[in-house]
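Worksheet: the structure to be examined is printed underneath.
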Amino acid sequence: MQEGNYENKLKMAKNTNIRISLPAVCFVWQIAMIILFGVFIRYDEESDTHWIEHRRKKNISTNLENDFYYRYPSFQDVHVMIFVGFGFLMTFLKRYSFGGVGFNFLIAAFGIQWALLMQGWFHHLDEHDWKIKIGVENLINADFCVASCLIAYGACLGKVSPVQLMVLTLFGVTLFAVEEYIILELLHAKDAGGSMVIHTFGAYYGLTISWVLYRPLLSQSKHLQGSVYHSDVFAMIGTLFLWMYWPSFNSAIADHGDGQHRAVINTYLALASSVLTTFAISSISQNNGKLDMVHIQNATLAGGVAMGTASEFMITPYGSLIVGFCSGIVSTFGYLFLTPFMEKTLKIQDTCGIHNLHAMPGVIGGIVGAITAASASESVYGQEGLINTFDFKDAVANRTVNIQGGYQAAALFVAIAFGLVGGALVGGILKLPIWGDPADVNCFDDDVYWEVPEEDENFLSRHPNMNHATSIPDV
Amino acid sequence: MQEGNYENKLKMAKNTNIRISLPAVCFVWQIAMIILFGVFIRYDEESDTHWIEHRRKKNISTNLENDFYYRYPSFQDVHVMIFVGFGFLMTFLKRYSFGGVGFNFLIAAFGIQWALLMQGWFHHLDEHDWKIKIGVENLINADFCVASCLIAYGACLGKVSPVQLMVLTLFGVTLFAVEEYIILELLHAKDAGGSMVIHTFGAYYGLTISWVLYRPLLSQSKHLQGSVYHSDVFAMIGTLFLWMYWPSFNSAIADHGDGQHRAVINTYLALASSVLTTFAISSISQNNGKLDMVHIQNATLAGGVAMGTASEFMITPYGSLIVGFCSGIVSTFGYLFLTPFMEKTLKIQDTCGIHNLHAMPGVIGGIVGAITAASASESVYGQEGLINTFDFKDAVANRTVNIQGGYQAAALFVAIAFGLVGGALVGGILKLPIWGDPADVNCFDDDVYWEVPEEDENFLSRHPNMNHATSIPDV
Amino acid sequence: MQEGNYENKLKMAKNTNIRISLPAVCFVWQIAMIILFGVFIRYDEESDTHWIEHRRKKNISTNLENDFYYRYPSFQDVHVMIFVGFGFLMTFLKRYSFGGVGFNFLIAAFGIQWALLMQGWFHHLDEHDWKIKIGVENLINADFCVASCLIAYGACLGKVSPVQLMVLTLFGVTLFAVEEYIILELLHAKDAGGSMVIHTFGAYYGLTISWVLYRPLLSQSKHLQGSVYHSDVFAMIGTLFLWMYWPSFNSAIADHGDGQHRAVINTYLALASSVLTTFAISSISQNNGKLDMVHIQNATLAGGVAMGTASEFMITPYGSLIVGFCSGIVSTFGYLFLTPFMEKTLKIQDTCGIHNLHAMPGVIGGIVGAITAASASESVYGQEGLINTFDFKDAVANRTVNIQGGYQAAALFVAIAFGLVGGALVGGILKLPIWGDPADVNCFDDDVYWEVPEEDENFLSRHPNMNHATSIPDV
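Protein chains in written order, with the numbering used here: chain R, 41 to 515; chain Y, 41 to 515; chain S, 41 to 515.
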């Protein structure tokens, strides 16, 4: 009881009441979205009722040529990754499953709206009427953009308030749109699955925020910083939906035809390969060869991250296997050695280990992409194939593959720089004592922001039927 | 122990033995389905081996023009919503997860068969050979039809026997088919995502049944009428799969091309918007701004329901955001104030709060649809676009948008009327004391209809390894 | 405590340390995969950058004619069945959920790589350059092939080490490829959904292995051989994703156009029908008509298995209902009577009851396929339709439907024979005392191969807030 009092005092030291701030942020921002959408966002020619006239004008023979039919199945897979994949992957903590899946839901739902605007302004603003015309590809890109913020959330899981997460997302999406514009439009780098644009940026953004928000006394909530049996099974739902649909992620906005087809094959193979090396390293690192669920839940996905940039390229099937092989090893070693090291020495508390799952494999993906691009050749790609794959036309019609490789490498540095600088700035904002974040002793605890159902210790005694059943020994 | 005896007596008052009735109903109805399918149901021209001749005759250049490729991805998403979405959404009760997901499975599997027949007789009966020719669109419509019965199940969850649910479904599907025929064929109203046809009808059907079956002593099973931590996480699986795939629901049978494309965009936006307002109202209503899982699990979906009718229309992206904004607020307020009010004053016990998730957003959807239709114009839709969107041809070739708006409003009243009258009739049938429904003290308890595994209190003591592990303090 | 010591002694009798063997197997086999992929596997013409030239050469008008757009949505559904469907179906045991979903993940990820090679050598080896050219159809076939090994895993669940599972998969995939070659290429039998090739083979392969590995003292771990409440709900995730996506499974590699369309309709109906008969038999077999989760989780799927061979045929919608009707009954009766009989009399310990879910319905599917094929006629199929459906061209251009029926029956025997003989051989290999399998007392226990999180009995006492909450009675 005395211990209880002491803890209660510690809690009182921090005000986690978000009854004003969270509703205010949600309402103000949602109303802002409505106004900005009213001013800027319209249907594009494929989702507008004028499509039938557009078809006739462009001599398009069938409704199937509407981009909807090329991309909608992939979009839905990506959508599942964002909400169930990321959401359930973060349910592994014993008492933060509500926060894991619930706040993921909140910030993703906000982020996709803001992303449609930000990405629209940078990429799709119609010069004639200053409107952004949206279709299914914009929806996919908005999901992609939000993914970077969800990655960043992984580093902060359990240590921040939902209001802080909304701020993290607002700035994250903004930074993403600028970074993406520089990488894809100015540098003309290719990054279909976002190894650099999404994963590297998102991970360093989150890690830097976590570094700024360092909590020296976090061990006070150490008893909540692990999983229980069933929370680990819940997290596997997230892992598997991410793993299964990653081929859709890396191919969703790839070129129609062979581009999407090849991106799927490459990602499928890289993922399969990283599963085996993850199991191997996990087993070799433990007493009796026992496997660690943290590794299986996370490092098995490294192959998908690392295949993000090169997924469209002719990296060959065995090349994909090699990428998965290496990234599975690197990622699992990260969980074993780097995460503890970073926490102790670098003062970076990375709840979900995003450095291992997104940062390192993302950087690998960027490097693999640069090398694969630099070594592309007409003999492998075919003359037209090379032009199509790298979009060597218009302003970059004369670019060589070597120069393309250089720009790919430059893009990687842009992603890292945006993550570090952006994270430092946003971390500074989030450090202000106005956001209702939890005390150290209260981290990883749903009870702070959620009405948690009472655990029913006395359930059986009030339920005579079942009581009866359990009184018969079953051995 | 005394209490236990008392409770046992109460239970004995009701016979919940369904060993004869449930198998009898299942067998008789399944055999009836086989006979009726034998008489009436055949493949349509796109799923028949004569497709190749049909293609040649109609000069269709590619297999892709088979409707299968337009609709199959959406069909599968809808299928997931019906079985995993609705099923897991109903697992939130601490001891009724088997019944939630299991009975949902049973009645949906029966309902889709009966729906193929009922909808076939009303919409697709071939005049020449009196056969119903089915293809993928019929499968989607059958799933839609069943959705209305699953909504009705939500009001009765935990308080009825599986035999009653089968009866509820038999009549529910029948009523649905008639109502749908009146609304879509006679009134020629548009309702691609079924705000009126599915949600409004289903909700009032279930609420009226629940009203007829009112249980004054339901508080006797109050200790089972809440969630536990993990059952709330299970329910989030249902919520998210409904939320993610709702764009497919509202676009699955929309017009090829821009119709499906636009329905997806509108629904995606409305859903995103209702997430933010749900979080806002949930937080503002509680002490310290704590969020309530009941709201997050349900009211976040209101935007999808409310966008059902207008999803195909040119409601504009910001219009969709506004619809989601309002329906999220209305739905959450419903959970806060209306559900307790209805239980106390109107004697309607609505276990899942379908009035808040389906009835009110469904009515909003019907009204939004009527207004949007009435305000449609050639300047926005284009001449052809207007005709295509509202199918102003054949018998209704000369209908104006204003008249269409009127018919949309009339359709809403038809849906409500069918729900109320149908629910009263079916509720009366279900009140007969022959269906094996549970006693008041036994509601919300899987133990009545399921072999529930014994909870293993002494698990650790018989499992020395783990016992050992837990004896080491981990703090 | 004494009991604990005794158990510990028993455990020491078996060495379950896999710290060398599992990583060694994973690394060696993954490196072998990389080398073999390097030598043999390339992109096919639809996933290669030369696709654009190929299109021009073949006069293909649109990118949509790339097989990717015909098959990718079905592929993703199948992928979900393999990893989430099979994986979560095996989480039902109270303390083997990690092993169920985790080892399923490991062996599927390895198996698909090996399957691409084995199936490629037998079916797709290019005679000119001795390369295997892969596209999306190969990915589906690899998933199919792995399914047979996952079925076999079901019989061994909880009783084998992950190293044994890797060996089971290596040989299982090898045997599968040969068997599939004989059935599909030499006998020219049709088996789109693999009733024979996948389910019958996989089930008898696993059952024979389980028979060879018979454990007379398995009752020592009987206390772990059941479910708990939440593990049964997890298993329903597996059940439902298998059930919902089975139409995709049976149609994924069916003929473009009406073939895929019809396979979906037939499977959808057979599955719906088997749900009703499963509920009926489950209820009739128990006291008070209570339902058994084991039946609902498994036998409801029997209709999908039994429709595997005939899914493409003109079996008619009511024919599909009849197939589902019978297989649901047979499968549930299997769980009630055959599984206990087999364990006691035949010494076959079948953890998941794959004999009831895969073997018997698979055989039914083979027989139904043979009969349906033998009774096909030009009057029903149309002249071209008959040729297309059964591929009566080239070497088998003159085959009659009767002869086709005979070959279908022969194929069923090939599948059974491969399962029995292959299972005996592989069972013998797995019986060697070098694989680190658990002692009898240690079966069905994740603690042997996994770092299991400590169950936190004292959670509440260290968490004053919640303690406080639960001290208020909620009745």
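Glycine included, every Cβ here is placed at the ideal spot set by N, Cα and C. Note that this is a predicted model, so its numbers are computed, not measured.
Where residue 96 of chain R falls: helix, strand or coil (DSSP): helix
Beta-carbon of residue 313 of chain Y versus every beta-carbon of chain R: anything under 8 Å? yes
For a cutoff of 8 Å on Cβ pairs, would you count residue 63 of chain Y as touching chain S? yes
Note down the Cα distance separating residue 369 of chain S from residue 446 of chain Y, rounded to an integer number of angstroms. 51 Å
Bridge partners of residue 165 of chain R, per DSSP? R:172
Apply the 10 Å Cβ neighbour rule to residue 314 of chain S and answer buried if 16 or more other Cβ atoms are within range, or exposed otherwise. buried
Within its chain, find whatever has a CB closer than 6 Å to the CB of residue 85 of chain Y; leave out the 5 residues flanking it on each side and keep chain order. 94
Closer than 8 Å to chain R by CB, residue 73 of chain S: yes
Taking a contact to mean a Cβ-Cβ separation below 8 Å, would you say residue 296 of chain S touches residue 110 of chain S in this structure? yes
Report yes if the C-beta distance between residue 138 of chain R and residue 490 of chain R is below 8 Å; otherwise report no. yes
Check whether the segment 392-409 of chain Y and the segment 450-469 of chain Y are in contact - that is, three or more C-beta pairs closer than 8 Å. yes
Helix, strand or coil: which one does DSSP assign to residue 255 of chain Y? coil
Note down, in chain order, every chain S residue with its Cβ under 7 Å from the Cβ of residue 473 of chain Y. Correct list: empty, because the minimum Cβ distance to chain S is about 17 Å.
Measure the Cβ-Cβ separation of residue 78 of chain Y and residue 130 of chain Y and say whether it is below 8 Å. no
With a cut-off of 8 Å on the beta carbons, I'd call residue 344 of chain S and residue 311 of chain S a contact; round off their distance for me. 5 Å
What is the C-beta distance between residue 337 of chain Y and residue 484 of chain Y, in whole angstroms, given that I count them as a contact (C-beta under 8 Å)? Incorrect: roughly 17 Å between the Cβ atoms, too far for contact.
Which residue wins for smallest C-alpha separation from residue 236 of chain Y, given the options Y:475, Y:398, Y:178 and Y:474? Y:398
In the DSSP output, which residue or residues are listed as bridge partners for residue 81 of chain S? S:172
Identity of the residues DSSP links to residue 331 of chain Y by a beta bridge: R:490
Is the CB of residue 97 of chain R under 8 Å away from at least one CB in chain Y? no
Helix, strand or coil for residue 511 of chain S per DSSP? Interpretation of residue 511 of chain S is limited by its pLDDT of 32, a score under 50 that renders its predicted location unreliable; the figure taken from the coordinates is listed afterwards. Residue 511 of chain S: helix per DSSP, three-state reduction.
Neighbour flag for residue 303 of chain S against chain C, beta carbons, 8 Å: The chain inventory of the structure shown lacks chain C, comprising the protein chains R, Y and S.
If the cut is a Cβ gap below 7 Å, which residues of chain Y does residue 330 of chain S touch? 489, 490 and 491
Is the CB-CB distance between residue 143 of chain R and residue 284 of chain Y below 8 Å? no
Would you kindly work out how many angstroms separate the C-alpha atoms of residue 292 of chain S and residue 113 of chain Y, rounded to a whole number? 12 Å
Closer than 8 Å, CB to CB, is residue 515 of chain Y near chain R or not? At residue 515 of chain Y the pLDDT is 31, less than 50, meaning the model places this residue with poor confidence and gives no usable figure here.
Please name the residue, chosen from S:218, S:299, S:90 and S:66, that lies closest to residue 299 of chain R on a Cα-to-Cα basis. S:90
Taking its Cβ as the centre, do 16 or more other Cβ atoms sit within 10 Å of residue 466 of chain R, making it buried, or is it exposed? buried
Please state if the CB of residue 160 of chain S and the CB of residue 189 of chain S are separated by a distance shorter than 8 Å. no
Could you spell out the range, first to last residue, of the alpha helix (DSSP H) harbouring residue 110 of chain R? 107-120
Take residue 191 of chain R and list the residues in its own chain whose beta-carbon comes closer than 7 Å to its own, dropping the five residues that flank it on each side. 239, 242, 243, 246, 394 and 398
Between residue 413 of chain R and residue 230 of chain R, is the Cβ-Cβ spacing less than 8 Å? yes
Do you know offhand how far residue 173 of chain Y's Cα is from residue 224 of chain Y's? 19 Å
Which chain R residues sit within Cβ distance under 8 Å of residue 88 of chain S? 298, 302, 354 and 425
Distance between beta carbons of residue 258 of chain S and residue 389 of chain S, contact taken as under 8 Å: 6 Å
Report the residues of the segment 426-442 of chain R with a CB closer than 9 Å to any CB of chain S, ordered along the chain. 426, 428 and 429
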